[in-house]
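Chains as they are written, first to last, in the numbering used here: chain A, 2 to 177; chain B, 6 to 195.
Glycine included, each C-beta is placed from N, C-alpha and C at the ideal position.
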Amino acid sequence: MDGAVAAEALAWPDAIFAELRRWDVRQVAYVPDGGHARLIRAIHADAAMRAIPLTTEEEGVAVLAGAALGGQRGALLMQSSGVGNCVNMLSLVKSCAFPLLALVTMRGEWGEFNPWQVPMGSRTEAAFGLMDVQVRRADRPDEVGETVAAAARMVFEGGSAVAVLLSQRLIGAKVF
Amino acid sequence: MLDRRDVVARLLKDRGEALVVTGLGAATYDVAAAGDDPRNFYLWGAMGGAALVGLGLALAQPDRPVMVVTGDGEQLMGLGAFATIAVQAPPNLTVVVLDNGLYGETGGQRSHAGLGTDLAAVARGCGIQQAWRVADAAGVEALAATIATPGAAPRVAVVAVDPAEAPRVLPSRDGAVLRGRFQAALGLAA
């Protein structure tokens, strides 16, 4: 990888962070995740954003519903393994037409060494589909910013529920 | 024993500017029975989520008191909420858990709270220092005095109530309507 490509590969979490700032996202709920580690650090370091660590992903769906109820924008960061945990809590989003922006790092799809990640990773999009959450996907570093921006417009201007899947090829397979 | 309707009516009587989120089931009916208000957000599902909706709301509206009214069964489904709330520590959030020790909506099966789980101790163990059990009218009065005035830290009050079922008072089940009127009451665009 030459220097320019390497810099672009590193910069995609920064592109997400820039979009969250641009859209005035104030509450960022997350379950700790290696793929999002750089973004999570940036959020903790920003006084304008509230970083909200969760014990399980569905908590974030409820927290962001409360944020929207009170007039603040939010985003939910998680790994694909957590999407199934959210299914019933997404009834809150669907029944009340709350906006939802979820940014999901994928496991189990590209060079995954851990077979336990494959069942949920291979059904992540389907699980969102069960509750009518729109799914968009970014596979290359250069499309992350525009994909998050397009999703954020749907969520914060249109009131939709949208998940952006960040592919495992983009993030890099976890190495032990 | 404390009557759940009396407890909730007393807490809401002095609500001031408080915003209220209810957990599904009897807690929703109790708050509706005390008088509907656009500043009440009733959950009819999303079990385990009530205190967390309250958390997001309390962070978004730091100048308004937020009271969550829920039941022991609903809170048991989201025990991690206590840990998540403790980390954020919004001083304007009070979670009131009406503890009748059973699942009234599903046939009265005993809950873990009814079988020994001490929810106030769980909340304290998660880092919410102001978590206590209320078992008498004086305790309800003391709690009522705190609802409209944010303290220094979030509070969890577990109120021991009579397991008798009260008549159902059903508010709107239209989530989008409940959301829209709540936001309008706050002067927000829906």
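DSSP places Gly109 (chain B) in the helix class (H, G or I) of the three-state scheme. Excluding its 5 nearest sequence neighbours in each direction, Leu101 (chain A) has C-beta neighbours in its own chain below 6 Å: Val94 and Ala162, listed in chain order. Judged by pairs of C-beta atoms under 8 Å, the stretch 101 to 111 of chain B does not touch the stretch 45 to 54 of chain B, as fewer than three such pairs exist. Of all C-beta pairs linking the stretch 178 to 189 of chain B to the stretch 148 to 168 of chain B, fewer than three are shorter than 8 Å, placing the two stretches out of contact. For Ala136 (chain B), the closest alpha carbon among the candidates B:Leu193, B:Arg178, B:Val36 and B:Phe87 is that of B:Phe87. Under the 10 Å beta carbon count, Gly83 (chain A) is surrounded by 16 or more other beta carbons and is classified as buried. Val25 (chain B) sits away from Val12 (chain B), with the two beta carbons spaced by 8 Å or more. Secondary-structure assignment with DSSP links Trp137 (chain B) through a beta bridge to B:Ala162. DSSP links Tyr47 (chain B) through a beta bridge to B:Thr27. For secondary structure counted as the alpha helix (DSSP H) over 4 or more consecutive residues, the stretch 94 to 165 of chain A holds these complete runs in sequence order: 119 to 122, 125 to 131 and 145 to 157. Membership of Asp11 (chain B) in the alpha helix (DSSP H) is indicated by the continuous run Arg9 to Lys18. With distances taken between CA atoms, Ile133 (chain B) lies nearest to B:Leu84 out of B:Ala150, B:Asp179 and B:Leu84.
Annotation for Gly61 (chain B): the continuous alpha helix (DSSP H) segment containing it runs Ala55 to Ala65. Counting only Cβ-Cβ distances below 9 Å, Arg186 (chain B) has no contacts in chain A at all, with the closest Cβ about 11 Å away. Residues of the same chain with a CB within less than 7 Å of the CB of Leu62 (chain B), apart from the 5 flanking positions on each side, are Leu24, Val26 and Val71 in chain order. Judged by DSSP in its simplified three-state form, Ala30 (chain A) adopts strand. For Ala194 (chain B), no alpha helix (DSSP H) run applies, since DSSP gives it neither H nor E. Not flagged as an interface residue toward chain A: Gly130 (chain B), since no C-beta distance is shorter than 8 Å.
Its Cα nearest to that of Leu40 (chain A), the residue A:Asp15 stands out among A:Asp15, A:Gln28 and A:Glu59. Of all residues in the stretch 92 to 125 of chain B, those with a C-beta nearer than 8 Å to a C-beta of chain A are Val92 and Gln93, reading in chain order. Taking 8 Å as the cut-off, the beta carbon of Leu16 (chain B) is found closer than this to the beta carbon of Leu148 (chain B). Under the three-state reduction of DSSP, Ala157 (chain B) is assigned to coil, being neither helix nor strand. Between Arg141 (chain A) and Leu171 (chain A), the C-beta gap is smaller than 8 Å, which places the two residues in contact. Our two residues, Glu110 (chain A) and Val58 (chain B), have alpha carbons roughly 33 Å apart in a direct line. Straight across, the Cα-Cα distance linking Arg22 (chain A) with Cys87 (chain A) is about 25 Å. Judged by beta-carbon spacing, Ser168 (chain A) lies beyond the 8 Å limit of Ala128 (chain A), meaning their Cβ atoms are not closer than that value.
Closest in C-alpha terms to His37 (chain A), from the list A:Met50, A:Asp25, A:Glu58 and A:Leu104, comes A:Leu104.
Check the Cα spacing between Val32 (chain A) and each of A:Gln118, A:Leu77, A:Gly72 and A:Val26: the tightest is with A:Leu77.
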